[in-house]
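For the sequence shown, the working numbering gives the first residue as 40, with consecutive numbering after it.
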Amino acid sequence: MTSHPPAAVVVLAAGGGTRMRSATPKVLHRIGGRSLVGHVLLAARGTQPDHLCVVVGHGRDEVAPHVTAIDRAAFVAVQAQQLGTAHAVLAGLEALPMVEGTVLVTYGDVPLQTTETLADLMAAHESDGNAVTVLTAQVPDPFGYGRIIRDDTGAVAAIVEEKDATDDQRAVNEINSGIFAYQAAVLRDALGRIGTDNAKGEMYLTDAVAIARADGHRVGAVRTDDGWQTEGVNTRAQLSRLGAELNRRTLSHWMAEGVEVIDPTTTWVDVGVLLAADVSLEPGVQLHGSTQVASGAVIGPDTTLTDVVVGVGARVVRTHGSQAVLGAGSHVGPFAYVRPGTVLGTGGRIGTFVETKNAEIADGAKVPHLSYVGDAEIGTHSNIGAGTIFANYDGLAKHRTSVGAHCRTGANNTFVAPVDIGDGAATGAGTVVRRAVPPGALSVSTGPQRHVEDWVLRKRAGTAAADAAMAATEAAAAAATEEEHS
């Protein structure tokens with residue numbers, strides 16, 4: 040179906056969400072890496088309305104700036120007191136006094152609704168010449184939802200809320216999604232006549248349906264076959280359930296695009312993530328934010344990446360990474376911690392138990408094991424020995440270390456920043472580098488090895504170590520004596 044864009048979309052996001060038991064406003068809780076209201080705004084904006092208005096109330100000091108950050112063109116209206124859904128829509132229309140035509144009303148806590156479904160609602164509303172059109176769904180458990188009551192002809196006669204329904208009405212499993220298309224004039228007139236004669240003493244938007252019907256206006260319904268699009272979030276359990284369904288849909292989309300997902304039950308991918316064909320996601324992978332993974336890359340198992348760009352054919356194993364770039368053919372992990380500002384070049388390696396931060400590791404360079412690389416540049420094809428620490432903090436400020444191309448550093452080195460190591464230089468095991476190392480030089484800071492004989496026997500007498508040392512000394516002496524007499 041096709042339709043004209045709505046004159047306005049009003050998103051209701053003022054509710055308290057008390058059943059969430061959270062200091063965070065309900066609509067700011069997240070699934071798939073996006074807030075509940077963020078999902079709704081994206082769907083609503085997709086209908087290309089002339090105006091988009093979000094009604095805020097509870098937690099408005101947090102919700103309003105969040106809405107503006109997502110959609111700068113959206114109006115924000117305030118419902119100072121939460122007196123019901125009709126009262127909330129009234130607050131929204133007061134911010135849009137000149138709107139005429141079709142007004143879509145939807146909810147900020149129904150995150151799986153889509154632009155396509157809203158467009159279908161609009162198209163049916165226009166083609167059928169309705170004054171009011173409601174989006175409905177049939178669900179196996181309608182508890183908590185308003186029921187769609189139809190007359191003998193199948194037309195919508197009323198919408199009855201759970202607390203006001205009779206037993207027969209509660210048996211109906213066609214539910215009101217809360218998403219409506221209205222003629223603006225009919226909606227304004229009905230809002231002015233809605234009372235509070237119900238169990239909660241609130242102004243129900245659903246009463247506008249009965250008023251419109253009583254006035255002789257045509258009331259229609261569009262039933263979606265996808266009940267998930269009508270489900271709202273009121274509890275943590277519902278948040279988790281909808282999050283899991285969104286993730287299932289996200290993974291299904293990417294698998295259809297050629298991505299291999301070994302175990303969808305343990306793989307979580309945010310809606311803002313981009314994956315190329317022939318990416319492989321192994322069990323236990325979480326991809327968040329704006330992470331991008333290029334073709335042929337293998338991620339996992341047990342890897343979490345947030346805002347990370349992964350190049351063609353890269354391999355990332357048991358790694359936690361954020362705000363980093365991992366080049367084509369690079370290898371990261373296992374058990375690597377890749378912090379913001381890390382850039383790993385083509386064919387580079389960040390190995391086992393390595394932590395990096397604000398580090399540029401050039402093409403072919405390797406940090407294979409047990410090292411910390413912070414505030415550093417490492418040149419092409421250099422190799423950093425095991426147990427190396429880039430000491431970047433002097434207690435007051437951070438400083439950088441620069442390692443040139445084709446360098447070889449020994450195990451257990453410490454680079455005390457700021458310091459430069461020239462191209463082709465090498466360092467010995469245990470070296471502490473405090474001054475610049477010239478290109479091609481070998482830097483060694485350790486002195487000759489010396490032994491203090493029998494130190495353990497004197498200082499640790501009676502210990503297992505001393506006993507072992509004594510036994511070894513006596514055995515060596517006995518062997519020497521036997522050799523003399525042989």
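Even glycine gets a Cβ: it sits at the ideal position worked out from N, Cα and C. Fair warning: this is a prediction, and the values are worked out from it, not measured in the lab.
Residue ranges of each beta strand (DSSP E) within the segment 323-364, 3 or longer: 325-327, 343-349
is_contact[H90, chain C] using C-beta, thresh 8 Å: The chain labelled as chain C is not found in the depicted structure, where only one protein chain is given.
Alpha-carbon spacing of A333 relative to T385, whole angstroms: 13 Å
Beta-bridge partners of K396, as assigned by DSSP: G413
Three-state secondary structure assigned by DSSP to A134: coil
D414 vs A456 beta-carbon contact at 8 Å: yes
Cutoff 6 Å; reference S484; Cβ partners in own chain excluding five residues on either side: T470, V471
Nearest-angstrom beta carbon gap, D148 and L75 [assumed within contact, 8 Å]: 5 Å
Residues of its chain near A224, where Cβ-Cβ distance is below 8 Å and the 5 sequence neighbours each way are ignored: E139
Host alpha helix (DSSP H) of H105 (start-end): 99-109
Option in V308, V495, L122, A170 with minimal Cα separation from T235: L122
Rounded separation between R388 and V337 - CA only: 15 Å
G282: first and last residue of the uninterrupted alpha helix (DSSP H) it sits in: 275-295
Option in V318, D317, T342 with minimal Cα separation from T305: T342
Own chain partners of G426 with C-beta closer than 7 Å, once the 5 adjacent residues on each side are dropped: L409, S410, A450, N451
Whole-angstrom C-beta distance between Q222 and A170, which should lie under 8 Å: 5 Å
Whole-angstrom distance between G56 and N273, CA atom to CA atom: 6 Å
Cβ-Cβ distance between P64 and H97 below 8 Å: yes
Inter-stretch contact at 8 Å, needing at least 3 Cβ pairs: the segment 180-192 / the segment 96-110: no
C-alpha distance - A507 paired with I460, whole-angstrom precision: 44 Å
Cut-off 7 Å between Cβ atoms - residues of its own chain near Y376, not counting five sequence neighbours on either side: H359, E394
Own chain partners of T419 with C-beta closer than 8 Å, once the 5 adjacent residues on each side are dropped: G384, A401, D402, G403, A404, A444, H445
V491, buried or exposed, once every other Cβ within 10 Å from all chains shown has been counted against 16: exposed
Backbone CA spacing between S369 and R354 [nearest angstrom]: 6 Å
Helix, strand or coil at A480 according to DSSP, with G and I counted as helix: coil
Euclidean distance between Cα positions of G297 and V406: 32 Å
Where D459 sits in the DSSP three-state scheme: strand
Among V211, G131, A316, nearest to Y184 - alpha-carbon criterion: V211
Unbroken alpha helix (DSSP H) run spanning G77, endpoints: 75-84
For K405: DSSP bridge partner residues: R388, N422
Start-to-end residues for the alpha helix (DSSP H) that takes in V225: 223-230
V310 versus R257, A229, E155, P150, residue with shortest Cα-Cα distance: P150
Cβ neighbours of A112 in the same chain (closer than 7 Å, five flanking residues each side left out): L91
Coarse secondary structure for L320, derived from DSSP in three states: strand
Exposed unless 16 or more other CB atoms sit within 10 angstroms - verdict on G339: buried
For H164, the first and last residue of its enclosing alpha helix (DSSP H): 154-166
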